[in-house]
Amino acid sequence: MTNSCNWFDILSPSRQRKLLASARDGLWIAVDGKRLLNFASNDYLALSTHPKVCAAAKKAIDKSGLGSGASRLVSGDSPLLHELEHKLAAWKGFEACLVLGSGMLANLGLIQALADRHTHIFSDKLNHASLVDGARLSGAKVHRYPHLDLDNLESQLQKYPADKRIMVSDGVFSMDGDKADVSRLLKLAQAYDALLIVDDAHGTGTVGEQGKGLVVEAGVSGHECLLEVGTLGKAFGSYGAYVLGSSAMIEGLRQRMRTFIFSTALPESVIAGALAALDEMQITDVVKKLHNNISYFLAQAKALPLMPSNTAIQPLLLGSDEAALQAASHLREQGYFVPAIRPPTVPEGAARLRITLSAGHDERDIDGLIRALSNRV
Ligand SMILES: *Cc1c(COP(=O)(O)O)cnc(C)c1O
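Using the numbering used here, you'd call the opening residue of the sequence shown number 955 and step up by one each time.
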């Protein structure tokens, strides 16, 4: 019998991405049975395994069980969610906050709630897929500008007038580790009467005092033309996401965001974990520890072909896919896990190793990685 079902062809991309089943154990990761030091996680502050964070999550499970059982509007709302929203808003300097599922859900829902086919969206070419897809699903007209090229952005703002215009940008960019100029973006938003969305998923917990991120560092948090998005799945060591803005905007989103309304509320355990993680960022020197590791890495790795970045994301540009794959495999032999990032995640010919540093690493870990890299690239 011939198989007339041809969906497999449709679902089969030219390049297969492999899922690596890997058991994590603190900073270590077991891949194919080999224990490797992990330089591939976005758990920048090592909070996902922090005893206080885990204890808070366990306590929440003991008290209220595992799942939340319903969306927030039905019966899944929890006082802990409100506490987290208040604390995140205060910490980031915004009037209000909405916590929901993942960063992917946040961006899909946010842009769909704000934009329709009459809206024009101006988007950095290297923005995260969730912003790209959110814009696409909203039906808005999308104008992409070259990475960080705000002169080009401005000329496009001049060229495409519309009643509703939204500028969207990552804060710290996930594959390059470089930063958007948030203060200039906001000036452009004001000058051209646009709304600015900054997704600082990678800057939060990693940039600035207490890891408050790029928007606070630029001194523009709480501005009425500005929404900030972030995830609880990276430096917070947990899961979920948040949107920050004025009270009126956040209330509007609560009423309109379909990915908020029609999705099960976060489990109490991950909320309690995120609250404990926020405490750690505020009252301990865990963020400073990460900053020290970044400085130490940069000082020691001067001879390596690093891309310009002063964040926890340190990409090493290798060019061809083979070079990146071989370097990653060499590092695995030496006991280090660093992923090779290839097109289409990055442009053709810009394959790289994406090293992510964590507050959990110590100088010996970093020395070892640099030694393993130095005799190779
Ligand atoms: C990781 C990331 C997301 C997605 O967040 P999740 O909580 O993992 O879904 C969204 N935006 C940016 C910029 C990210 O780096």
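For glycine and all other residues, C-beta sits at the position ideal for the given N, C-alpha and C.
Bear in mind that the values here come from a model prediction, so they are computed numbers and not experimental data.
Problem - Where His1074 falls, given that 16 or more other Cβ within 10 Å makes a residue buried - result: The count along the sequence shown starts at 1 and reaches residue 1074 at position 120. Label assigned to His1074: buried.
Exercise for the section: Pick out the complete beta strand (DSSP E) segments inside the region 1073-1161, 3 residues or longer, and give them in chain order. Expected result: 1074-1078, 1095-1099, 1119-1124 and 1149-1153
Exercise for the section: Reducing DSSP to helix, strand and coil, say where Asn992 ends up. Expected result: As a working mapping, residue 992 is identified with position 38 in the sequence shown. The answer is strand: DSSP assigns Asn992 an E or B state.
Handout entry: Delimiting residues of the alpha helix (DSSP H) encompassing Gly1322
Key = By 1-based counting over the sequence shown, the position of residue 1322 is 368. Its alpha helix (DSSP H) spans residues Glu1317 to Ser1328.
Practice task
Give me the Cα-Cα distance between Ala1050 and Gly1176, rounded to the nearest whole angstrom.
Solution key: Indexing the sequence shown from 1 puts residue 1050 at position 96. Indexing the sequence shown from 1 puts residue 1176 at position 222. One C-alpha to the other measures close to 9 Å.
Exercise for the section: Give the DSSP-derived three-state secondary structure of Gly1191 in the structure shown. Expected result: Counted from its first residue, the sequence shown places residue 1191 at position 237. Correct three-state label for Gly1191: coil.
Practice task
Kindly indicate the opening and closing residues of the alpha helix (DSSP H) around Cys1008.
Solution key: Position 54 of the sequence shown, counted from the start, is the residue given in the question as residue 1008. That run of the alpha helix (DSSP H) goes Pro1005 to Ser1018.
Problem - Residue environment, Leu973, which counts as buried when at least 16 other CB atoms sit within 10 Å - result: Position 19 of the sequence shown, counted from the first residue, corresponds to residue 973. Label assigned to Leu973: exposed.
Practice task
Evaluate contact between the region 1094-1104 and the region 1074-1083, counting only Cβ atoms and requiring at least three cross-stretch pairs below 8 Å.
Solution key: yes
Problem - Proximity of Met1058 and Ser1084 at Cβ, strictly below 8 Å - result: Start at 1 with the first residue of the sequence shown, and residue 1058 comes out as number 104. Start at 1 with the first residue of the sequence shown, and residue 1084 comes out as number 130. In this structure, Ser1084 lies closer than 8 Å to Met1058 by Cβ.
Practice task
Check whether the region 1172-1190 touches the region 1134-1153, counting contact only when three or more Cβ pairs, one atom from each stretch, lie closer than 8 Å.
Solution key: yes
Handout entry: Inter-residue Cα distance where the pair is Phe1048 and Gly1199
Key = Position 94 of the sequence shown, counting from 1, holds the residue named residue 1048. Position 245 of the sequence shown, counting from 1, holds the residue named residue 1199. Each residue's alpha carbon lies about 6 Å from the other.
Handout entry: Touch test, the region 1053-1067 against the region 1253-1261, Cβ-Cβ under 8 Å, three pairs minimum
Key = no
Practice task
Could you round the C-beta distance between Gly1159 and Val1241 to whole angstroms and report it? I think they count as a contact, below 8 Å.
Solution key: Here residue 1159 refers to the residue found at position 205 of the sequence shown. Here residue 1241 refers to the residue found at position 287 of the sequence shown. Going by Cβ atoms, the distance from Gly1159 to Val1241 rounds to 7 Å, so yes, they are a contact pair.
Exercise for the section: Would you decide whether Leu1244 is buried or exposed? Buried here means 16 or more other CB atoms lie within 10 Å of its CB. Expected result: The residue labelled residue 1244 in the question sits at position 290 within the sequence shown. Counting Cβ neighbours within 10 Å, Leu1244 comes out buried, since at least 16 surround it.
Practice task
Quick one: which unbroken beta strand (DSSP E) runs of 3-plus residues sit fully inside the region 1026-1069? Chain order, please.
Solution key: 1050-1054
Practice task
Label Trp961 either buried or exposed according to how many other C-beta atoms from any shown protein chain fall within 10 Å of its C-beta, with 16 as the threshold for buried.
Solution key: Position 7 of the sequence shown, counting from 1, holds the residue named residue 961. When all chains shown are included, Trp961 counts as exposed.
Exercise for the section: Locate the beta strand (DSSP E) running through Val1292, then write down its first and last residues. Expected result: Within the sequence shown, residue 1292 is the residue found at index 338, counting from 1. Note, Val1292: premise wrong, no beta strand (DSSP E); not H, not E.
Practice task
Starting from Ser1201, follow its DSSP beta bridges and name the residues at the other end.
Solution key: Here the question's residue 1201 lines up with position 247 in the sequence shown. Answer is none; Ser1201 lacks a bridge partner.
Practice task
On the DSSP bridge assignment, give the partners of Asp1239 in chain order.
Solution key: Taking the first residue of the sequence shown as 1, we reach residue 1239 at position 285. Asp1239 pairs with nothing; no bridge assigned.
Problem - Contact check, Gly980 vs Gly1227, beta carbons under 8 Å - result: By 1-based counting over the sequence shown, the position of residue 980 is 26. By 1-based counting over the sequence shown, the position of residue 1227 is 273. Not in contact: Gly980 and Gly1227 (Cβ atoms no closer than 8 Å).
Exercise for the section: Over the uninterrupted beta strand (DSSP E) stretch that includes Val1183, give me the two end residues. Expected result: In the sequence shown, residue 1183 corresponds to position 229, counting from 1. Residues Leu1180 to Thr1185.
Practice task
State the beta-bridge partners of Thr1299 as determined by DSSP.
Solution key: The residue labelled residue 1299 in the question sits at position 345 within the sequence shown. Note: Thr1299 sits in no beta bridge, so no partner.
Practice task
Kindly confirm or deny that the region 1231-1240 and the region 1258-1278 touch, where touching means at least three C-beta pairs closer than 8 Å.
Solution key: no
Practice task
Please classify Arg1208: does DSSP put it in a helix, a strand, or coil?
Solution key: In the sequence shown, residue 1208 corresponds to position 254, counting from 1. Here Arg1208 sits in helix by DSSP.
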